[in-house]
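Colleague:
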Amino acid sequence: MAGAEKYALITGSSRGIGRGIALALAQKGVRIAVHYYQNERAARDTLGEVRQRGADGLLVQADVTRPDQISEMFRTVKSAFGRLDIFVSNARPEAPAFFQAPLDITLKQWDTAFDSQAKAFLVGVREALPLMADGGRIFAITYAQGSRTGGLQPWVAMGSAKAALESLVRYFAVAAAKRGITVNAISPGWTEDSVMNTLPEQVQQLIREWHARGWTPMGRLGTPEDIGNVVSLFCSDKAKWITGQVIYADGGASLMNPEVPPEIQIG
Ligand SMILES: NC(=O)c1ccc[n+]([C@@H]2O[C@H](COP(=O)([O-])OP(=O)(O)OC[C@H]3O[C@@H](n4cnc5c(N)ncnc54)[C@H](OP(=O)(O)O)[C@@H]3O)[C@@H](O)[C@H]2O)c1
318 MAGAEKYALI TGSSRGIGRG IALALAQKGV RIAVHYYQNE RAARDTLGEV
368 RQRGADGLLV QADVTRPDQI SEMFRTVKSA FGRLDIFVSN ARPEAPAFFQ
418 APLDITLKQW DTAFDSQAKA FLVGVREALP LMADGGRIFA ITYAQGSRTG
468 GLQPWVAMGS AKAALESLVR YFAVAAAKRG ITVNAISPGW TEDSVMNTLP
518 EQVQQLIREW HARGWTPMGR LGTPEDIGNV VSLFCSDKAK WITGQVIYAD
568 GGASLMNPEV PPEIQIG
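Here you go:
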């Protein structure tokens with residue numbers, strides 16, 4: 318990432334994983350468009366931390382379930398930055414907007430999941446590409462366990478929407494390949510200081526213990542910084558030959574076998 322100044326837009330960077338990505342890129346001097354939906358204060362804090370790392374940026378607001386608002390956000394980015402080198406589609410609505418089991422989910426909840434993931438990525442990438450020079454980087458933040466499995470029943474809409482998102486990553490990777498623009502999905506494992514913060518303390522503890530017991534072989538949850546570092550790594554010129562992939566950034570959790578308790582697997 319050496320050389321000319323770089324510009325990034327990261328949706329949902331007011332908090333959680335998006336914030337970790339913003340700070341990791343700011344550490345490399347990238348100028349950041351910090352996007353938020355309702356929590357302007359958190360977004361301001363993130364921008365403050367971006368500046369503490371010697372980078373700069375601006376705040377942008379949009380509901381990513383609304384294509385017109387996504388387009389407006391890109392217009393703001395274009396007039397402030399004039400170009401874009403990195404686009405990260407990371408935002409995800411709050412759980413009540415989509416979290417419901419298959420037999421009960423409303424069509425509104427279903428649409429919210431798809432509009433915020435697959436459709437937001439479709440619209441966002443088509444807005445980002447004209448602003449990008451050759452060699453740009455595009456990321457979708459997915460949860461690949463949810464797009465491949467069926468166990469966490471109320472995740473049905475988001476899991477299906479993430480599967481569509483991962484599929485779009487492959488199609489856009491081919492569409493952008495001639496320009497040397499890579500398009501990849503990053504799949505974090507369960508991550509601290511994210512949506513986790515909104516779960517009851519007892520649920521958080523159960524999840525932490527399960528991962529420490531071995532479901533994550535590295536013995537802990539991820540952090541927003543871990544995921545930020547992976548995105549930063551993929552922004553390196555050295556990663557220019559990797560495109561259209563789903564990258565698991567999960568301390569090895571996706572390597573484990575769900576039929577066997579972690580203690581027996583790890584020994
Ligand atoms: N957390 C995990 O363990 C985990 C694991 C795997 C994958 N992921 C993926 O990582 C991404 C980030 O997750 P997170 O847990 O870090 O998120 P989070 O802490 O819950 O933050 C959600 C972000 O999305 C924004 N947002 C919410 N509704 C929106 C809307 N309608 N339009 C635009 N932006 C909206 C929020 O903005 P405001 O602050 O303004 O509300 C916030 O910046 C998601 O795609 C998620 O599926 C997370």
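Residue numbers for the sequence shown, in this note's numbering: 318 to 584. Cβ coordinates follow ideal geometry from the N, Cα and C atoms, glycine included.
#1: Any idea if D451 is buried or exposed, counting beta-carbon neighbours within 10 angstroms, 16 or more meaning buried?
#2: Per DSSP, what are the beta-bridge partners of Y324 in this structure?
#3: Considering only heavy atoms of ligand 1, does any lie closer than 7 Å to the CB of V577?
#4: Mind checking whether K436 and Y460 have CB atoms under 8 Å apart?
#5: In the structure shown, what three-state DSSP assignment does Y354 receive?
#6: For K495, decide whether its Cβ has a neighbour in chain E, counting only Cβ atoms nearer than 8 Å.
#7: Spatial neighbours of G476 within its chain, please: CB distance less than 6 Å, with the 5 preceding and 5 following residues excluded, ordered by chain position.
#8: Count the other CB atoms within 10 Å of the CB of N407; is the residue buried (16 or more) or exposed (fewer)?
#9: Output the boundary residues of the beta strand (DSSP E) element that contains L375.
#10: Would S504 be called buried (16 or more neighbouring beta carbons within 10 Å of its own) or exposed?
#11: Three-state secondary structure (DSSP) at A319?
#12: Is it true that the region 342–360 meets the region 370–384, where meeting means three or more beta-carbon pairs spaced less than 8 Å apart?
#13: I'd like the list of long-range same chain contacts for A343, defined as Cβ closer than 6 Å, with 5 residues on each side in sequence excluded.
#14: Does at least one heavy atom of ligand 1 sit under 7 Å from the Cβ of W507?
Modeller: Quick answer:
#1: On the sequence shown, residue 451 is found 134 positions in, with the first residue counted as 1. Answer is exposed; the Cβ neighbour count stays below 16.
#2: On the sequence shown, residue 324 is found 7 positions in, with the first residue counted as 1. According to DSSP, Y324 bridges with R348.
#3: As a first step, residue 577 is located in the sequence shown; it is residue number 260 there, counting from the start. Checking the Cβ of V577 against ligand 1 gives no.
#4: Counting from 1 along the sequence shown, the entry for residue 436 is found at position 119. Counting from 1 along the sequence shown, the entry for residue 460 is found at position 143. No, these two residues do not count as a Cβ contact at 8 Å.
#5: Here the question's residue 354 lines up with position 37 in the sequence shown. Looking at Y354 - three-state DSSP - the assignment turns out to be coil, as it is neither helix nor strand.
#6: Included in the structure is just one protein chain, with no chain E present.
#7: Counting from 1 along the sequence shown, the entry for residue 476 is found at position 159. The answer, listed in chain order, is G463 and S464.
#8: Numbered from 1 along the sequence shown, position 90 holds the residue referred to as residue 407. Buried is the call here.
#9: Indexing the sequence shown from 1 puts residue 375 at position 58. Start and end: G374 to Q378.
#10: Translated into positions along the sequence shown, residue 504 becomes position 187. Result: buried.
#11: The sequence position of residue 319 within the sequence shown is 2, counting from 1. For A319, the predicted model reports a pLDDT of 46, less than 50, meaning its position is unreliable and no value from the coordinates is stated.
#12: Inter-segment contact for the region 342–360 and the region 370–384 is present: three or more beta-carbon pairs are separated by less than 8 Å.
#13: For this step, residue 343 is matched to residue 26 along the sequence shown. So the list reads I349, V367, R370 and A372, once near-sequence residues are dropped.
#14: Residue numbering aside, residue 507 sits at position 190 when the sequence shown is read from its first letter. Flag set: Cβ of W507 near ligand 1.
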